[in-house]
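Chemist: After the structure tokens below, expect a handful of questions from me.
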Amino acid sequence: MKFLLSVIDTATRTGTDEEMAAVGALNDELVAAGQLIAAEGLAHPDDSVVIDARGDDISLTAGPFATGREYLSGFWLIEAPSPEVARDIATRASRACARRVELRATLG
Numbered sequence: 001m002k003f004l005l006s007v008i009d010t011a012t013r014t015g016t017d018e019e020m021a022a023v024g025a026l027n028d029e030l031v032a033a034g035q036l037i038a039a040e041g042l043a044h045p046d047d048s049v050v051i052d053a054r055g056d057d058i059s060l061t062a063g064p065f066a067t068g069r070e071y072l073s074g075f076w077l078i079e080a081p082s083p084e085v086a087r088d089i090a091t092r093a094s095r096a097c098a099r100r101v102e103l104r105a106t107l108g
């Protein structure tokens, strides 16, 4: 099963050296276990563009699709044999990055 772990934050590039080392160590463990598919930090949502091509016209809107204080600042895409194992990894990820993490199963 695949799961998306979304890092919830209020700022970009605020990770301390200690947090970055902990995230790196977790990533190394996940790679060694064959569970890490991808992991990345994301740019600030002010640098995003929302594209809507559902109709005949294409709409481009600068900025995030949702406004608010919190946003997605990074993610892990993992492979886990069960939701319980994924929850354990998400708990470790939250501790490593010192941020809240949302865990969601993928549909594929």
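Going letter by letter, the sequence shown gives residues 1 to 108 in the UniProt record's numbering.
All C-beta atoms in this analysis are idealised placements derived from N, C-alpha and C, irrespective of residue type, glycine included.
Only counting runs of 4 or more residues, tell me where the alpha helix (DSSP H) segments fall wholly within the UniProt domain "YCII-related" (1 to 95), in order along the chain.
Modeler: Listed in chain order, they are 17 to 32.
Chemist: If V101 sits next to L5, beta carbons under 8 angstroms apart, how far is it from one beta carbon to the other, in whole angstroms?
Modeler: Residue numbering aside, residue 101 sits at position 101 when the sequence shown is read from its first letter. Residue numbering aside, residue 5 sits at position 5 when the sequence shown is read from its first letter. So it is a contact: roughly 5 angstroms between Cβ atoms.
Chemist: Please name the residue, chosen from T91, L103, D52 and D17, that lies closest to P64 on a Cα-to-Cα basis.
Modeler: Mapped onto the sequence shown, residue 64 falls at position 64. When each option's Cα is compared against that of P64, the closest is D52.
Chemist: When you compare the CB positions of L103 and A86, do they come within less than 9 angstroms of one another, or not?
Modeler: Within the sequence shown, the letter at position 103 stands for residue 103. Within the sequence shown, the letter at position 86 stands for residue 86. It is a contact, given that the beta carbons lie within the stated cut-off.
Chemist: Which residues does DSSP list as the beta-bridge partners of L103?
Modeler: Looking up residue 103 in the sequence shown gives position 103. Looking at the DSSP assignment, L103 forms a beta bridge with L5.
Chemist: With a cut-off of 8 angstroms on the beta carbons, I'd call A22 and A80 a contact; round off their distance for me.
Modeler: Indexing the sequence shown from 1 puts residue 22 at position 22. Indexing the sequence shown from 1 puts residue 80 at position 80. Rounded, the Cβ-Cβ distance is 20 angstroms, inconsistent with contact.
Chemist: So, for G108: in the same chain, excluding its five sequence neighbours on each side, which residues have a beta-carbon less than 7 angstroms away from its beta-carbon?
Modeler: Residue numbering aside, residue 108 sits at position 108 when the sequence shown is read from its first letter. Excluding sequence neighbours, G108 sits near K2.
Chemist: I need the straight-line Cα distance from A32 to E18, nearest angstrom please.
Modeler: Locating residue 32 in the sequence shown gives position 32, where the first residue counts as 1. Locating residue 18 in the sequence shown gives position 18, where the first residue counts as 1. For A32 and E18, the distance between alpha carbons rounds to 21 angstroms.
Chemist: Could you work out which residue in R99, D46 and Q35 is closest to G74 when comparing CA atoms only?
Modeler: Sequence index remark: in the sequence shown, residue 74 carries index 74 (1-based). Among R99, D46 and Q35, the Cα nearest to that of G74 belongs to R99.
Chemist: Give the straight-line distance between the Cα atoms of E84 and D28, rounded to the nearest whole angstrom.
Modeler: By 1-based counting over the sequence shown, the position of residue 84 is 84. By 1-based counting over the sequence shown, the position of residue 28 is 28. Taking the straight line joining both Cα atoms gives about 20 angstroms.
Chemist: Less than 9 angstroms between the C-beta atoms of L36 and W76, yes or no?
Modeler: Mapped onto the sequence shown, residue 36 falls at position 36. Mapped onto the sequence shown, residue 76 falls at position 76. Going by C-beta atoms, L36 is nearer than 9 angstroms to W76.
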